[in-house]
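Okay, so here's the structure we're looking at.
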Amino acid sequence: MKIAVNHLARIEGHANLVIDSVRGTVRELRLEIVEAPRFFEPMLTGRHYSDVAHIAARICGICSNSHTLVSLQATEQALGIEVSEQTQSLRRLLAFGEILQSHLVQLFFMALPDYYGEASILPLVHTERALVQHALELKKLANDILRVVGGRPVHPVTPVVGGFARLPEAADLQELRRRLVRVLPDLEASVEIFGSLDYPDFERDTDCFSLRGGDDYPLFGRQLVSSGGVDCAVEDYRDVLEEYLVPWSTAKFARLQGRCFMVGPLARLRNNFDLLSPMARQVAEALGLTPDTANPYRILAARLVEVVHGVERAIHLIDELLLAGLQAEEPLPPQRHGRAVAVIEAPRGLLFHSYSYDAQGRIEQADCLIPTAQNLANIEADLRARVPELLETGREELTRQCEQLIRAYDPCISCSTHLLTIDFA
Amino acid sequence: MKPRVGFFDFASCEGCQLTVLNLENELLDLVELMEIVEFREISSAHGEELDIAFVEGSICRPEDVKRLRAIRARSRQLIALGACADTAGINALTSDRPVAELVREVYGDKGEAFLVAGRPRPLEAFVPVDGRVPGCPIDGGEFLTVLQALLIGRTPELPTFAVCAECKLRELPCTFERDVICLGPITRAGCNAHCIAEGDRCRGCRGMVDAPRSGPYYRILEEYGLSEEQIRDELRLYNLGGEAKK
Ligand code: SF4
Ligand code: SF4
């Protein structure tokens, strides 16, 4: 049996799935990334620091805030700029806004139609109107956080090197807070929906790679950990992570200490279960998640737990900002130039940007490593384990469950075509 | 019958399609007004004949050209969605370097064997385009205006004046007063000077007004002491892609 799904739907970017099996054994299985390459590192080379985050954001529209934030951090570290607490809090709020936005789009627009047997959310507009309205309301709230703090949901304008080009109005933050509080009980409806889904029964344990939070579930940080024993400083990411080319993909694959691994919501949750907000922890338990959950279809549930956590944390961040009072601040200027690595827990997992700057404040060398590149080998490994279990079910069901599995990772292929000079394994 | 609409993407960040999905208040009405038959980012459905195809992204490889031509052939109208599709946008930033060199830099020597990459080009370089929604990303409100025009059978039109005019109307302080270069003077209006209102400057994502050099605005840039060279350097972020149309 040969199965080829070209241009997989409901993921960001272009990928094909190819499976070839003979008499019950899988001969070939490939996740082909067919996205046209976009050469971001060469685009960044030679650019002035004031344009770098602007360009980096355009690697990916769906996580443009994460790219912006990690890019600013790498630039600021390389240029010796230490931003204020207020700037840090506002950036955290922005990061949570994006996690909410991205997770909600994935859960409701991309993943849910599979479980309702529909091609998209559009038919549900008529059959499940309340659910669609619920999803749109949540999504709008997430986008409004991005509008109030970042200026617009896709490609933020206000975050700049050294601080913010404009601050949010206190009244707008208060309004956001009111809506966030109001939405908390509504989230129970989401928990019910995602708690009652019939997740396929499948487990494959893998190395979970994430930041380790200090006293908070991690967003930014300096320490990388994995369930397989990696424990290293962010600066040393290239010592544990290696990228390699496979002939069927324009995106590179990556391995962690020689093996495939997972990044993203489930990896974060497993490594930082103790740091979830109280309500998020309850939801995790209600959804049957533990620090040992090894069913990748359940990444959906982990994503929903992070939505709850994000709403709670956003409320607290707004409280802190309002209590301290927003202070007008000029963005800070560079102090020196050099090289730095920064990392953020983007919606899909670890996102690294590393830059070196010359004395004119222009990029000499850039390296970006995105979450999906890190997950690709793991998705393939999951499929290799899963497909033999499904060969009996027939072409249609097999294809459906494979697509569902791929989608659970929320692969974002538009930005996985990234690129730098590397050594070949 | 409701018009049949499809969304497609080539080399892009998908931010323009996402901006359409971010029209939460209008989305339910849009679904009533038109039949969205293809939208790979959110749907696995496929359609055949289309009334309107919105196409995002730049065209880089022979296989992209083939797919674009096939979309054109089955669409009554084809609209460029966003800078990548309209002018090659940010993708054109590396236009001054040979593609083979970029491939080697990014993928190493082994990369060349299996990568057929070409220079990113706007849609117009390969197929006739019936309309465009400029910007990086597009402006959601402008998308709705263009859509409305298409639905009632009018040709969508874009403003012919520069962002500066919108900036003045909003009474925003000019960035040149704080010694910050801004491309508002030669950039096509329609975004309501969004970036300037947000405290940043204009980088020209919507493309230039027609004949910018003959207008008074280009002179503003020179008046502020910018050399031809500096203006060109500023323009390269979004506006040297025009050369990619050929
Ligand atoms: S025009 Fe800008 S926002 Fe739109 S797809 Fe291209 S890079 Fe993304
Ligand atoms: S102000 Fe300039 S850069 Fe900003 S959206 Fe308008 S045209 Fe684009």
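Protein sequences appear in the order of chains B and R.
Sequential numbering of the first sequence, starting at 0, is according to numbering that gives the first Met the number 0.
Sequential numbering of the second sequence, starting at 0, is according to numbering that gives the first Met the number 0.
Heads up, the beta-carbon is just placed ideally off N, CA and C, and yes, glycines get one too.
Query: Beta bridge counterpart(s) of D8/R as assigned by DSSP; Result: E55/R
Query: Member of V4/B, T289/B and V229/B whose CA lies at the smallest distance from the CA of F260/B; Result: V229/B
Query: Contact check, R91/B vs L218/B, beta carbons under 8 Å; Result: yes
Query: Unbroken stretches of the beta strand (DSSP E), 3 residues or longer, contained in the segment 181-222 of chain B; Result: 206-210
Query: Short-range partners of chain B found in the segment 9-43 of chain R, where Cβ spacing is below 8 Å; Result: F9, A10, S11, C12, E13, G14, C15, Q16, L17, T18, L20, N21, E23, N24, L26, L27, V30, I35, F38, R39, E40, I41, S42 and S43
Query: DSSP three-state assignment for M247/R, whether helix, strand or coil; Result: Residue 247/R lies beyond the residue range present for chain R, which begins at 0 and ends at 245; the question has no answer from this structure.
Query: Candidates E379/B, R57/B, E328/B and A341/B: closest to R203/B by CA position; Result: E379/B
Query: Within chain B, the residues that G236/R reaches when beta carbons sit closer than 9 Å; Result: Gly is not the amino acid found at residue 236/R; the sequence shown has Leu there. Ordered by position in chain B, the residues that pass the 9 Å Cβ test against L236/R are R46, D50, H53 and I54.
Query: heavy atom of ligand 2 below 7 Å from I311/R C-beta; Result: Absent from the structure is residue 311/R, since the part of chain R shown begins at 0 and ends at 245.
Query: Cβ-heavy atom distance, G56/R to ligand 2, below 7 Å; Result: no
Query: Distance cut-off 7 Å: P136/R Cβ against heavy atoms of ligand 1; Result: yes
Query: Secondary structure of L157/R, DSSP reduced to three states; Result: coil
Query: Touch test, the segment 342-352 of chain B against the segment 365-374 of chain B, Cβ-Cβ under 8 Å, three pairs minimum; Result: yes
Query: Test item: CB-CB of A91/R and C204/R under 8 Å; Result: no
Query: Segment contact flag, the segment 51-66 of chain R with the segment 121-138 of chain R, C-beta cutoff 8 Å, min 3 pairs; Result: yes
Query: Best match in R165/B, C411/B and R211/B for proximity to Q326/B [C-alpha to C-alpha]; Result: R165/B
Query: With 16 other Cβ atoms within 10 Å as the buried cut-off, status of F248/R; Result: Residue 248/R lies beyond the residue range present for chain R, which begins at 0 and ends at 245; the question has no answer from this structure.
Query: Any 3 or more C-beta pairs closer than 8 Å across the segment 183-201 of chain R and the segment 134-147 of chain R; Result: yes
Query: Chain R within 8 Å of R406/B, Cβ atoms only; Result: no
Query: Distance cut-off 7 Å: A170/B Cβ against heavy atoms of ligand 2; Result: no
Query: Beta-carbon proximity of L240/B to V233/B, cut-off 8 Å; Result: no
Query: CB contact below 8 Å: C59/B versus chain R; Result: yes
Query: Close-in-space but distant-in-sequence residues of the same chain around D28/R (CB under 7 Å, 5 per side omitted); Result: none
Query: Coil, strand or helix - K65/R by DSSP; Result: helix
Query: Pair within 8 Å by beta-carbon distance, F208/B and A300/B; Result: no
Query: Residues that L121/B contacts on chain R, provided the C-beta gap is smaller than 7 Å; Result: V30, I35 and S42
Query: Under 7 Å by beta carbon: chain B residues contacting N90/R; Result: R37
Query: heavy atom of ligand 1 below 7 Å from R118/R C-beta; Result: no
Query: Among E136/B, A169/B and D238/B, the one whose alpha carbon lies nearest that of A323/B; Result: A169/B
Query: 6 Å CB neighbourhood of L111/B in its chain, flanking five on each side removed; Result: none
Query: G150/B - partner residues in DSSP beta bridges; Result: DSSP output for G150/B lists no bridge partner at all.
Query: Per DSSP, the bridge partner or partners of V17/B; Result: A3/B and R29/B
Query: Short CB-CB distance (under 8 Å) between A164/B and chain R; Result: yes
Query: Minimum Cβ-Cβ distance from L143/R to chain B less than 8 Å; Result: no
Query: Simplified DSSP state of H336/B, which is helix, strand or coil; Result: coil
Query: C-alpha gap between E402/B and D129/R, whole angstroms; Result: 35 Å
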